[in-house]
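Colleague: Numbering (our numbering), first residue to last: 104 to 440.
(1) Short of 7 Å in beta carbon distance, which residues of its chain neighbour residue 230, apart from the five on each side in sequence? Order them along the chain.
(2) Tell me whether residue 250 is buried or exposed, calling it buried when 16 or more other Cβ atoms sit within 10 Å of its Cβ.
(3) I think residue 274 touches residue 308, with their Cβ atoms under 8 Å apart; what is that distance to the nearest whole Å?
(4) In three-state terms, what does DSSP make of residue 297?
(5) In or out: residue 263 buried (at least 16 other Cβ within 10 Å) or exposed?
(6) So for residue 186, helix, strand or coil by DSSP?
(7) If you count every other CB in all the chains shown that lies within 10 Å of the CB of residue 187, and 16 or more means buried, which is it?
(8) When you compare each of 279, 330 and 225 to residue 154 by their alpha carbons, which one comes out closest?
(9) Should the segment 142–150 be regarded as contacting the segment 325–344, the criterion being three or more beta carbon pairs within less than 8 Å?
(10) Just to check my reading of the structure: residue 147 and residue 163 have Cβ atoms closer than 8 Å, yes? What is that Cβ distance to the nearest angstrom?
(11) Is it the case that the segment 285–295 contacts the segment 254–268, given that we only count it when at least three CB pairs across the two stretches are under 8 Å?
(12) Output the distance between the C-alpha atoms of residue 205 and residue 237, rounded to the nearest integer angstrom.
(13) Just the C-alpha distance for residue 139 and residue 272, rounded to the nearest angstrom, thanks.
(14) Give me, in chain order, the residues of the same chain whose beta-carbon lies closer than 6 Å to that of residue 215; leave out the 5 immediate sequence neighbours on both sides.
(15) For residue 419, write down the residues that DSSP places opposite it in a beta bridge.
(16) DSSP three-state call for residue 147: helix, strand or coil?
(17) Can you tell me the Cβ-Cβ gap for residue 384 and residue 394, rounded? I've got them flagged as a contact below 8 Å.
(18) For residue 432, which three-state DSSP category applies?
(19) Is it right to say residue 227 is buried, meaning 16 or more other beta carbons lie within 10 angstroms of its own, or is it exposed?
(20) Helix, strand or coil for residue 346, going by three-state DSSP, please let me know.
(21) Over the uninterrupted beta strand (DSSP E) stretch that includes residue 312, give me the two end residues.
(22) Look at the alpha carbon of residue 346 and the alpha carbon of residue 310, and state the distance between them as a whole number of angstroms.
(23) Hey, would you say residue 316 sits closer than 8 Å to residue 302, going by beta carbons?
(24) Please confirm whether residue 397 and residue 408 have their CB atoms less than 8 Å apart.
(25) Could you tell me if residue 194 is buried or exposed, where buried requires 16 or more neighbouring beta carbons within 10 angstroms of its beta carbon?
(26) May I ask you to report which of helix, strand or coil DSSP gives residue 125?
(27) With DSSP collapsed to three states, give me the class of residue 130.
(28) What's the call for residue 183, buried or exposed, on a 16-neighbour Cβ count within 10 Å?
Set out below in structure tokens:
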């Protein structure tokens, strides 16, 4: 028995270690009329890339709450955009479809600075899983007050790691990390600025938006100077937990055995939500089988079974009624008087 438990524990660990999240349009794309609440925090080293990584971000300090708001784009700015993301005084405009997200424009500081892309960078493609890479070039125009210029550079998106993430209020298994890099030159008149932005986002299976984000921006000037890096970071305090098939079955499956205690007839009522193998048995407290009550494949329906105490010659004692319906299992103590 101990050997079997050890084997099961090893198998469970192996399954957990190899589980990976795949980002899809249905599960992780930007969705208008939604909100993305997060906690602004200090920047943390994003850690290692690779398989089965454990990222410990429990030292992150909560600064203040922050909420990204997604809308259908109904503004005149970036008319080809169908999705607007508002983050404070910054607005981002995207073209979202089933296969990819394009970043079409950016408006910051209440419109004082604007970027419109003639060749937009890709923000994400679907589906996207560990090992996938998307890269390319982008260019556009930049406006700062009355000054106008251009930007041009390269982008890359890579699912560079998966594993487990530890946050101040959450431990999340099965997360995937997406590393995004924008490397470009902003030119206004004769002045050129080299900008490198590295962004790390961690995604969980059942959460549409990132559960943690780390952004580092480095600026190099045309006179050879390099400014101090600029950092931004945020994390989630709460997330949606994935609902497994077994959990869904448990939520919809009902079984009742009555009366309990019983002295004559035990009535068992249960439902099968989808075509499944059904096993219902009665065992004594030592685990010895007393009676196989049901052992067959059954279609979705409601069922009832009667068990006679006299026919089974049950002595006054406690027994266990064990039920298995597909992935669902349940055990209940039955007292015979």
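The C-beta atom is built at its ideal place from N, Cα and C for all residues, glycine as well.
Modeller: Quick look at the numbers:
(1) Looking up residue 230 in the chain shown gives position 127. Closer than 7 Å at the Cβ level, and outside the excluded window around residue 230, lie 125, 126 and 127.
(2) Numbered from its first residue, the chain shown carries residue 250 at position 147. Of the other Cβ atoms in all chains shown, fewer than 16 fall within 10 Å of the Cβ of residue 250; this residue is therefore exposed.
(3) Start at 1 with the first residue of the chain shown, and residue 274 comes out as number 171. Start at 1 with the first residue of the chain shown, and residue 308 comes out as number 205. Not confirmed; about 14 Å, so no contact.
(4) Taking the chain shown and counting its residues from 1, the one referred to as residue 297 is at position 194. Strand at residue 297.
(5) Indexing the chain shown from 1 puts residue 263 at position 160. When all chains shown are included, residue 263 counts as buried.
(6) Here residue 186 refers to the residue found at position 83 of the chain shown. If DSSP states are grouped into helix, strand and coil, residue 186 belongs with the strands.
(7) Here residue 187 corresponds to residue number 84 of the chain shown, with the count starting at 1. Answer is buried; the Cβ neighbour count reaches 16.
(8) Counted from its first residue, the chain shown places residue 154 at position 51. Residue 154 has its Cα closest to that of 279, out of 279, 330 and 225.
(9) Touching, per the Cβ criterion.
(10) Mapped onto the chain shown, residue 147 falls at position 44. Mapped onto the chain shown, residue 163 falls at position 60. So it is a contact: roughly 6 Å between Cβ atoms.
(11) With a cut-off of 8 Å, the segment 285–295 and the segment 254–268 count as touching, because enough Cβ pairs lie within range.
(12) As a first step, residue 205 must be located in the chain shown, where it is residue number 102. As a first step, residue 237 must be located in the chain shown, where it is residue number 134. Whole-angstrom Cα-Cα distance: 12 Å.
(13) Translated into the one-based positions of the chain shown, residue 139 becomes position 36. Translated into the one-based positions of the chain shown, residue 272 becomes position 169. In this structure, the alpha-carbon of residue 139 lies about 17 Å from that of residue 272.
(14) The residue you call residue 215 lines up with position 112 of the chain shown. Nothing meets the Cβ criterion.
(15) On the chain shown, residue 419 is found 316 positions in, with the first residue counted as 1. Looking at the DSSP output, residue 419 sits in no beta bridge, so it has no partner there.
(16) Within the chain shown, numbered from 1, the residue matching residue 147 stands at position 44. Coil at residue 147, not helix or strand.
(17) As a first step, residue 384 is located in the chain shown; it is residue number 281 there, counting from the start. As a first step, residue 394 is located in the chain shown; it is residue number 291 there, counting from the start. The pair is a contact, with the Cβ atoms about 7 Å apart (cut-off 8 Å).
(18) Walking along the chain shown from the start, residue 432 turns up at place 329. Collapsing the DSSP output to three states places residue 432 in a strand.
(19) Residue numbering aside, residue 227 sits at position 124 when the chain shown is read from its first letter. Answer is buried; the Cβ neighbour count reaches 16.
(20) Against the chain shown, residue 346 aligns to sequence position 243. Because the pLDDT of residue 346 is 48, which lies under 50, any placement of that residue in the model is unreliable, and the number read from its coordinates should be weighed accordingly. DSSP places residue 346 outside both helix and strand once states are collapsed to three, so it counts as coil.
(21) Looking up residue 312 in the chain shown gives position 209. In this chain, residue 312 is not harboured by any beta strand (DSSP E), its DSSP state being neither H nor E.
(22) If you number the chain shown from 1, residue 346 lands on position 243. If you number the chain shown from 1, residue 310 lands on position 207. With a pLDDT of 48 at residue 346, under the threshold of 50, the predicted position of this residue should be treated as unreliable, and no value is reported.
(23) In the chain shown, the residue the question calls residue 316 occupies position 213. In the chain shown, the residue the question calls residue 302 occupies position 199. Going by C-beta atoms, residue 316 is nearer than 8 Å to residue 302.
(24) Numbered from 1 along the chain shown, position 294 holds the residue referred to as residue 397. Numbered from 1 along the chain shown, position 305 holds the residue referred to as residue 408. In this structure, residue 397 sits near residue 408, with a CB-CB distance shorter than 8 Å.
(25) Along the chain shown, read from residue 1 onward, the residue named residue 194 stands at position 91. Classification of residue 194: buried, given that the 10 Å Cβ count is 16 or more.
(26) Here residue 125 refers to the residue found at position 22 when the chain shown is read from its first residue. Under the three-state reduction of DSSP, residue 125 is assigned to coil, being neither helix nor strand.
(27) Your numbering for residue 130 matches position 27 in the chain shown. Looking at residue 130 - three-state DSSP - the assignment turns out to be helix.
(28) Walking along the chain shown from the start, residue 183 turns up at place 80. Exposed, since its Cβ has fewer than 16 Cβ neighbours within 10 Å.
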